[in-house]
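Taking it in order: structure first as structure tokens, then the write-up.
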Amino acid sequence: GDSVTQMEGPVTLSEEAFLTINCTYTATGYPSLFWYVQYPGEGLQLLLKATKADDKGSNKGFEATYRKETTSFHLEKGSVQVSDSAVYFCALIPGDNAGNMLTFGGGTRLMVKP
Amino acid sequence: GAGVSQTPSNKVTEKGKYVELRCDPISGHTALYWYRQSLGQGPEFLIYFQGTGAADDSGLPNDRFFAVRPEGSVSTLKIQRTERGDSAVYLCASSLKTGVRAFFGQGTRLTVV
């Protein structure tokens, strides 16, 4: 079945450090790929998405590129801030999913220290 | 309302009891989803409504779980004979229609003691 695997956390960084959170997937067809973020005390929010191979999603300084050859969608940010501390979830919707239900990875907690 | 609203935000119940969790989607959103998030894990799909009908309930873990959406707006997730393993955060999401961005509520944290 479809699945998403992401690096386990927590990831602890100092402010202004470079961030990478790895995400790989298994899916039939051509899935759409997403990163969601969950800030403390808040609901899940869509951070960025990519719907086809080689697309780059970007938002709030975060980027991820859809790599079909490596079935990956790694999240990157050049300079993290304390306010980026949250749990990040990689997710997919399979290409043949009529209902658009999301399959999530296990989440990666990011802690940014001043 | 401005976003997806879920009530209650927290629910503690005794093993074996019946519980109902409510989701108020964004007004006008026809698609509604329920997910379950166990501690330290990502959300897992439970059931999806398009309008009033359950279009896909393949994620419901067993027949103790049931959900309704009688008027195509508010949805209720019902759990019978709760077990300690049902303890999790139950998330609801809605979208204007299938295929466009879904918005999540803050979830109901269910604890079965």
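Heads up: the sequence lines are chains A and B, in that order.
Under our numbering, the first sequence has 83 at position 82, and the numbering climbs by one with no breaks.
Under our numbering, the second sequence has 1117 at position 24, and the numbering climbs by one with no breaks.
Each residue gets a CB set at the ideal place from its N, CA and C atoms; glycine is no exception.
Range covered by the beta strand (DSSP E) that runs through A:M8:
Your numbering for residue 8 of chain A matches position 7 in the first sequence. Careful: A:M8 lies outside any beta strand (DSSP E) and carries neither H nor E.
Does B:D1179 come out as helix, strand or coil in the three-state DSSP assignment?
Walking along the second sequence from the start, residue 1179 of chain B turns up at place 86. B:D1179: helix per DSSP, three-state reduction.
Are A:F105 and B:P1136 close, meaning C-beta to C-beta below 9 Å?
Here residue 105 of chain A refers to the residue found at position 104 when the first sequence is read from its first residue. Here residue 1136 of chain B refers to the residue found at position 43 when the second sequence is read from its first residue. Between A:F105 and B:P1136, the C-beta gap is smaller than 9 Å, which places the two residues in contact.
Can a CB atom of chain A be found closer than 9 Å to the CB of B:A1181?
Here residue 1181 of chain B refers to the residue found at position 88 when the second sequence is read from its first residue. False, the Cβ-Cβ gap to chain A never drops below 9 Å.
Counting only Cβ pairs nearer than 8 Å, list the residues of chain A close to B:P1118.
Locating residue 1118 of chain B in the second sequence gives position 25, counting from the first residue. Listed along chain A is no residue with a C-beta nearer than 8 Å to that of B:P1118; the closest approach is about 13 Å.
Are B:T1201 and B:K1108 touching if we call contact CB-CB under 9 Å?
Residue numbering aside, residue 1201 of chain B sits at position 108 when the second sequence is read from its first letter. Residue numbering aside, residue 1108 of chain B sits at position 15 when the second sequence is read from its first letter. For B:T1201 and B:K1108, no; Cβs fall outside 9 Å.
Under 9 Å between the Cβ atoms of B:Y1141 and B:Y1126?
As a working note, residue 1141 of chain B is residue 48 in the second sequence. As a working note, residue 1126 of chain B is residue 33 in the second sequence. Taking 9 Å as the cut-off, the beta carbon of B:Y1141 is found closer than this to the beta carbon of B:Y1126.
Under 9 Å, Cβ to Cβ, is there at least one residue of chain B near A:F74?
If you number the first sequence from 1, residue 74 of chain A lands on position 73. With 9 Å as the cut-off, A:F74 does not count as an interface residue toward chain B.
Bridge partners for A:Q46 per DSSP, in chain order?
Counting from 1 along the first sequence, the entry for residue 46 of chain A is found at position 45. Under DSSP, A:Q46 takes part in a beta bridge, and its partners are A:V38.
Any beta carbon of chain A sitting closer than 9 Å to that of B:R1202?
Working through the second sequence from its first residue, we reach residue 1202 of chain B at position 109. So no, B:R1202 is outside the interface.
Is the separation between the beta-carbon of B:T1100 and that of B:L1203 shorter than 9 Å?
Within the second sequence, the letter at position 7 stands for residue 1100 of chain B. Within the second sequence, the letter at position 110 stands for residue 1203 of chain B. Against a cut-off of 9 Å, the Cβ pair of B:L1203 and B:T1100 comes out as no contact.
So, does the CB of B:V1161 fall closer than 9 Å to a CB anywhere in chain D?
Among the protein chains of the structure shown, namely A and B, there is no chain D.
Minimum C-alpha distance to A:E70 - residue among A:V5, A:G100 and A:A54:
Looking up residue 70 of chain A in the first sequence gives position 69. It is A:A54 whose Cα lies nearest to the Cα of A:E70.
Taking 9 Å as the threshold (C-beta atoms), are A:G44 and B:G1121 in contact?
Counting from one through the second sequence, the residue named residue 1121 of chain B turns up at place 28. Counting from one through the first sequence, the residue named residue 44 of chain A turns up at place 43. Annotated as distal: B:G1121 and A:G44, with beta-carbon spacing of 9 Å or more.
Rounded to whole angstroms, what is the Cα-Cα separation between B:S1188 and A:S33?
Translated into positions along the second sequence, residue 1188 of chain B becomes position 95. Translated into positions along the first sequence, residue 33 of chain A becomes position 32. In this structure, the straight-line span from the alpha carbon of B:S1188 to that of A:S33 is close to 16 Å.
Since B:F1158 meets chain A, which of its residues come closer than 9 Å, beta carbon to beta carbon?
By 1-based counting over the second sequence, the position of residue 1158 of chain B is 65. Within 9 Å Cβ-Cβ: nothing; B:F1158 doesn't reach chain A, min ~16 Å.
Please list the partners that B:L1184 has in chain A, where partner means a Cβ-to-Cβ separation under 9 Å.
For the purposes of this step, residue 1184 of chain B is taken as residue 91 along the second sequence, with counting starting at 1. Chain A residues near B:L1184: G44 and L45.
Identity of the residue in A:I94, A:A92, A:V5 and A:Y37 nearest A:D85 by Cα
Residue mapping note: residue 85 of chain A aligns to position 84 of the first sequence, counting from 1. For the options A:I94, A:A92, A:V5 and A:Y37, the alpha carbon positioned closest to that of A:D85 is the one of A:Y37.
Looking at the C-beta of A:T13, does it have a partner C-beta in chain B at a distance below 9 Å?
Numbered from 1 along the first sequence, position 12 holds the residue referred to as residue 13 of chain A. Under the 9 Å criterion on CB atoms, A:T13 is classed as non-interfacial with respect to chain B.
Unbroken beta strand (DSSP E) run spanning A:S73, endpoints:
Here residue 73 of chain A corresponds to residue number 72 of the first sequence, with the count starting at 1. Looking at the DSSP string, A:S73 is not in any beta strand (DSSP E), and its letter there is neither H nor E.
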